[in-house]
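Just so you know, the sequences run in chain order A and B.
Take the first sequence: its position 446, counted from the start at 1, is 446 in our numbering, and no numbers get skipped.
With the second sequence counted from 1, adding 1000 to any position gets you our numbering.
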Amino acid sequence: MVFSSPVFLIVFLPVVLLLTYLIPGRGKNIVLLIASIFFYAWGEPVYVILMIFACIFNYVCGLEISTYKKSAKFTLVFAIAVNLLILGFFKYWGFILGTINSIPGVNIPYHDLPLPIGISFYTFQAISYIVDVYRKETEPQLNIIDFSLYISMFPQLVAGPIVKYHDIAEQLKTRQLSFENIKAGVPKFVRGLSKKILFADTLGLAYTQIYALGVDNLASVTAWIGIIAYTMQIYFDFSGYSDMAIGLGRMLGFEFQPNFNHPYIAKSITDFWRRWHMSLSTWFRDYVYIPLGGNRVKPARHIFNMLVVWSLTGLWHGAAWTFVAWGLYYGIILVIEKYITGRFIEKLPSILRILITLFFVVIGWVLFSSDTIGDAFNYLIAMFGGAAGSNGVAPGFFDDYSMYYLRTYIIPLLIGGFFCVPFAGNLIAKIQRRSKVIWTIIYIVAMILCIAFMVSSSYSPFLYFRF
Amino acid sequence: MLKAAKYILTVLVIGFMVLIYLSGVTPQTSIKDFSAQVAELEGTKALSAQNEQDAFHYLGITSTEYPGFYYWRSSDGMDASEVVVAQCKDQNQVIALKKAIEKRVKNQLDAFAGYAPEQEDHLKKHLIKTRGDYLLYAVGTDDQIKALEATLNGI
C-alpha cells in the first residue's frame, strides 16, 4: 500500500487514526502494530514474514546483549551478520552473481529475487538498535510489541526516514494524542503528497520519455531537460515521502527528525549531504564512519574512511555498479573539497557556490538514474552535445525533440524550481501568519488536485521504494 | 533460552530464504521461442502485434526497458482480447509490470462494463501468470486462456 493511493487515504488512514485515538493507553501500540503489519502485507504478503523475523530476532538479540555481558560482543556481531545476510541475499545476490559471471568462462546460473520493500530501511533501524544497546547508549526494549512497532511502524517503514531507536524510545511509551497533533500533521502530509503527485510524477514522466528515446539520440538541450526533470523528480519524490511519513507520525503522536532541508541550495557537496537524506547520512556517520576512526586519523586513513563510507552509501541505494560509481563520485568530490578546493570555494559568492554544487549534483544524478555505466557515460556525452545518433545523424545541440520537451515541460520545471528553494515555503508560512483562511484554502486545493491527479494518472512510481 | 532462540530463528529464516529462491526459477526456453509458441496459437493469430508506442499508450509502460516484450491486441474496438508475453530484468520489474497490467484491466473493465457483458466476463477472468522473470497476461475466451497457460507451463 502506498500513501498516494485512494485505499490508503480513504480507508486505511481514517480507520487507523480513529482507532488510535479511541483506544486508551497501551492498546494504541497494539493497534498501530497490527495496522503496520497489515499495511506491509497488503503489498508484500510473503515478505511480511521477513519483517516479523526482524522484529523478533533483534528483540531477542537486544535482550541477550544486555543480559549476558560476556557474550555481548559475539551476539552483536552475530546479530549484525544475520541482518546483513538477509539484506545482502535479497538485495545483492543477483548483483554479486552477475559480477562474478562477467569474468570470462564463468557462468553460474542464478536469478534475481524481488526486493522486499523497505528492507534497507528497517534493517538499518534494527542494526542501530542492536549497536546502541551494546554501547549502552540505550536500554533494551523489554516489551516486544513496542519494539516491533519501532521496526515496523507504517509511516516510515517503506521509505524512511531511518529512525534511531533512542530518538523514539520514550515516545513509544508515553506520547500525547490531541487535536494539535492532527492540526500539525495534516498540512505536512498534504505538502508531501503534493510534492509527490503534482511535481514528482509530472517531472518523472519527462525524464522517462526522454530516456526512452535512447541516450545516443539526445540533443544537448533534451538531455539537460531530462536530467533536470529527474533532479527535481527525485527530490520531490523522496522528500515528499519523508514529509508524508513525518506528517503521519505527527498525527499518531510521534516526532520524527526532518530528512531534507532544501538540498538544492547547498553551497558545497558537504553542505548538500547535510541537507539530503539526513537520516541516512547520520546513520553512516554514527555506525560506520566514526567506528572506522572518522577524521581523527592520518589523512591517508581519513581518505580511505571516506571512500569506504561513500561506496557503501552508493551500494545501499541499489545493487548495481552505477550506484557504487555514484557513491564513489561523491566520496572523491568530498575528499577534494576537504583537502584541496574547500578553502577556495568558501571565498566565492554564495550564488556561484550554489550553482557549482548543483552542477555536480546533477551530474551525479546521471550516474544514479542510468541503467548502466555505459548509458551514464553516453548520457553525459549527449548533455555536452556529443551524441552520435543511432541512425548516423548526430542530434547536436537542439532538435525537434528539444523544442517539444521544452514547450511541454518548461512550466512544470519552472514551478518545480520555485518549490525547490525556501522562498515558496517561506511564502506559505507568511500566508499562514497573515490569513489562516487563505492558508487552509491552499491546502484544500492542493489536496483536491492530488486526488484528481491520482485518479487520472497511471504513472506514479516511488523511486526510493526500490532501496 | 535467549541464546537458543536466536539460532532457531536464524535457521528458520535461512529455510525461508531457500524456499523463496527455489520458487522463482526462470524457465530455460528463451523468451523469443516462448513468444513464437504463443504467436502460433489460434487465439493469438486473430490479434495484431503491437509496437512500443502501443505498449506505452495502452499499458503505460516503456517496453524497450524489458529484455523481451511481445504484445498482441484485437484491432476490433468491441473486443477486449489481448496478450502480453514479457521477460523482465528482475522481480521488481515483474511486480511493476503486474501492477501496470492490473491497472489496464481495471480501466478496460470500466470501459466495457454495462454494454459488453461477454468482454466484461473475459476481463474478469483475465490471466496474469509468472514463472521466474517471465510474465504472461491474457484476456480472451476460456479456451484461449487455457491454451496460453498450458504453453507457459510447458516451457
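Heads up, the beta-carbon is just placed ideally off N, CA and C, and yes, glycines get one too.
Report the three-state DSSP secondary structure of residue 254 (chain A) (helix, strand or coil). Numbered from 1 along the first sequence, position 254 holds the residue referred to as residue 254 (chain A). Looking at residue 254 (chain A) - three-state DSSP - the assignment turns out to be coil, as it is neither helix nor strand.
Count the CB pairs spanning the segment 262-270 of chain A and the segment 348-362 of chain A that are closer than 8 Å, and state whether there are at least three. yes
Paired residues, beta bridge with residue 1070 (chain B) - DSSP: The sequence position of residue 1070 (chain B) within the second sequence is 70, counting from 1. DSSP, once it has assigned bridges, lists B:1085 as partnering residue 1070 (chain B).
Using the Cβ count rule (16 or more neighbours within 10 Å means buried), how would you classify residue 297 (chain A)? Within the first sequence, numbered from 1, the residue matching residue 297 (chain A) stands at position 297. Result: exposed.
Return the residues of the segment 60-75 of chain A that lie within a Cβ-Cβ distance of less than 7 Å from chain B, sorted by chain order. 60, 61, 63, 64 and 67
When DSSP builds the beta bridges, which residues end up paired with residue 1137 (chain B)? On the second sequence, position 137 is the one that residue 1137 (chain B) refers to. Its beta-bridge partners are B:1084 and B:1128.
Considering Cα atoms alone, identify which of A:188, A:18, A:289 and A:42 is closest to residue 425 (chain A). What you label residue 425 (chain A) is simply residue 425 of the first sequence in a count that begins at 1. Taking only the C-alpha atoms, the option nearest residue 425 (chain A) is A:188.
What residues from chain A crowd round residue 1155 (chain B), counting only those whose CB sits closer than 9 Å? Counting from 1 along the second sequence, the entry for residue 1155 (chain B) is found at position 155. The contacting residues do not exist; residue 1155 (chain B) stays about 15 Å from chain A at best.
Considering only residues of the same chain and omitting the five flanking positions on each side of residue 19 (chain A), which have a CB-CB separation below 8 Å? Within the first sequence, residue 19 (chain A) is the residue found at index 19, counting from 1. Excluding residues within five positions, the ones whose Cβ falls inside 8 Å are 31 and 35.
For a quick check, are the C-beta atoms of residue 1143 (chain B) and residue 1043 (chain B) less than 9 Å apart? In the second sequence, residue 1143 (chain B) corresponds to position 143, counting from 1. In the second sequence, residue 1043 (chain B) corresponds to position 43, counting from 1. It is a contact, given that the beta carbons lie within the stated cut-off.
Listing by chain order, which chain B residues have their CB less than 8 Å from the CB of residue 86 (chain A)? Stepping through the first sequence from its first residue, residue 86 (chain A) is reached at position 86. Here the neighbours are 1013 and 1017.
Taking residue 1144 (chain B) as part of the alpha helix (DSSP H), name the residues at either end of that continuous run. For this step, residue 1144 (chain B) is matched to residue 144 along the second sequence. Per DSSP, residue 1144 (chain B) belongs to the alpha helix (DSSP H) from 1142-1154.
Which same chain residues end up closer than 7 Å to residue 206 (chain A) when comparing Cβ atoms and leaving out the 5 residues on each side of it in sequence? If you number the first sequence from 1, residue 206 (chain A) lands on position 206. Result list for residue 206 (chain A): 225, 226, 229, 405 and 409, in chain order.
Where residue 327 (chain A) falls, given that 16 or more other Cβ within 10 Å makes a residue buried: By 1-based counting over the first sequence, the position of residue 327 (chain A) is 327. Residue 327 (chain A) should be labelled buried.
Let me confirm a value: residue 1106 (chain B) is counted as buried when at least 16 other C-beta atoms fall within 10 Å, else exposed. Which label applies? For the purposes of this step, residue 1106 (chain B) is taken as the residue at position 106 of the second sequence. Residue 1106 (chain B) comes out exposed.
For residue 302 (chain A), is the classification buried or exposed, using 16 other Cβ atoms within 10 angstroms of its Cβ as the cut-off for buried? Working through the first sequence from its first residue, we reach residue 302 (chain A) at position 302. Buried: at least 16 other Cβ atoms inside 10 Å.
Going along chain B in order, which residues have a C-beta closer than 7 Å to the C-beta of residue 115 (chain A)? The residue labelled residue 115 (chain A) in the question sits at position 115 within the first sequence. Within 7 Å Cβ-Cβ: 1092.
Range of the contiguous alpha helix (DSSP H) that encloses residue 139 (chain A): Mapped onto the first sequence, residue 139 (chain A) falls at position 139. Segment: none, residue 139 (chain A) is in no alpha helix (DSSP H) and carries neither H nor E.
I need the DSSP call for residue 242 (chain A), collapsed to helix, strand or coil. Counting from 1 along the first sequence, the entry for residue 242 (chain A) is found at position 242. Correct three-state label for residue 242 (chain A): helix.
What span of residues does the alpha helix (DSSP H) with residue 212 (chain A) cover, start to end? Taking the first residue of the first sequence as position 1, residue 212 (chain A) is located at position 212. Unbroken alpha helix (DSSP H) run through residue 212 (chain A): 201-212.
Less than 9 Å separating the beta-carbons of residue 245 (chain A) and residue 116 (chain A)? Locating residue 245 (chain A) in the first sequence gives position 245, counting from the first residue. Locating residue 116 (chain A) in the first sequence gives position 116, counting from the first residue. Not closer than 9 Å, so no.
Below 9 Å between beta carbons is the criterion; list the residues of the segment 437-454 of chain A that meet it against any residue of chain B, in chain order. none
Give the residues from the segment 207-219 of chain A that approach chain B closer than 7 Å (Cβ to any Cβ), ordered along the chain. 208 and 212
Just checking: is the beta-carbon of residue 1147 (chain B) within a distance shorter than 9 Å of some beta-carbon in chain A? Numbered from 1 along the second sequence, position 147 holds the residue referred to as residue 1147 (chain B). No, residue 1147 (chain B) lies away from the interface with chain A (no Cβ there is under 9 Å from its Cβ).
When DSSP labels each residue in this structure, what does residue 370 (chain A) get in the three-state scheme? Reading the first sequence from its first residue, position 370 is the one you call residue 370 (chain A). Correct three-state label for residue 370 (chain A): coil.
What's the gap between the Cα of residue 1155 (chain B) and the Cα of residue 238 (chain A)? The residue labelled residue 1155 (chain B) in the question sits at position 155 within the second sequence. The residue labelled residue 238 (chain A) in the question sits at position 238 within the first sequence. Rounded to the nearest angstrom, the two C-alpha atoms are 41 Å apart.
Inter-residue Cα distance where the pair is residue 231 (chain A) and residue 382 (chain A): Locating residue 231 (chain A) in the first sequence gives position 231, counting from the first residue. Locating residue 382 (chain A) in the first sequence gives position 382, counting from the first residue. So the alpha carbons of these two residues sit roughly 17 Å apart.
Which residues in chain A have a C-beta closer than 9 Å to the C-beta of residue 1006 (chain B)? List them in chain order. As a working mapping, residue 1006 (chain B) is identified with position 6 in the second sequence. Residues of chain A passing the Cβ test: 57, 60, 61, 64, 75, 78, 79 and 82.
Among A:210, A:217 and A:195, whose alpha-carbon lies nearest the alpha-carbon of residue 418 (chain A)? For the purposes of this step, residue 418 (chain A) is taken as the residue at position 418 of the first sequence. Of the candidates A:210, A:217 and A:195, the one whose C-alpha sits nearest the C-alpha of residue 418 (chain A) is A:195.
Mapping the DSSP letters down to three states, classify residue 1048 (chain B) as helix, strand or coil. Reading the second sequence from its first residue, position 48 is the one you call residue 1048 (chain B). The answer is strand: DSSP assigns residue 1048 (chain B) an E or B state.
So which of B:1084, B:1023, B:1066 and B:1002 has the shortest CA-CA distance to residue 1073 (chain B)? Numbered from its first residue, the second sequence carries residue 1073 (chain B) at position 73. Here the closest residue by C-alpha is B:1084.
Relative to the C-alpha of residue 165 (chain A), which candidate in A:135, A:375, A:182 and A:11 has its C-alpha closest? Along the first sequence, read from residue 1 onward, the residue named residue 165 (chain A) stands at position 165. Selected option, being the one with the closest Cα: A:135.
Listing by chain order, which chain B residues have their CB less than 8 Å from the CB of residue 94 (chain A)? Taking the first residue of the first sequence as position 1, residue 94 (chain A) is located at position 94. Neighbours of residue 94 (chain A) on chain B, chain order: 1090.
Tell me the DSSP secondary structure of residue 292 (chain A) in three-state form. Here the question's residue 292 (chain A) lines up with position 292 in the first sequence. Residue state, collapsed to three classes: coil.
Pair within 9 Å by beta-carbon distance, residue 315 (chain A) and residue 323 (chain A): By 1-based counting over the first sequence, the position of residue 315 (chain A) is 315. By 1-based counting over the first sequence, the position of residue 323 (chain A) is 323. Yes, the Cβ-Cβ distance between residue 315 (chain A) and residue 323 (chain A) is below 9 Å.
Closer than 8 Å by beta-carbon distance: list the chain B residues that pair up with residue 53 (chain A), in chain order. As a position in the first sequence, residue 53 (chain A) is number 53, starting the count at 1. The contacting residues are 1009, 1012, 1013 and 1016.
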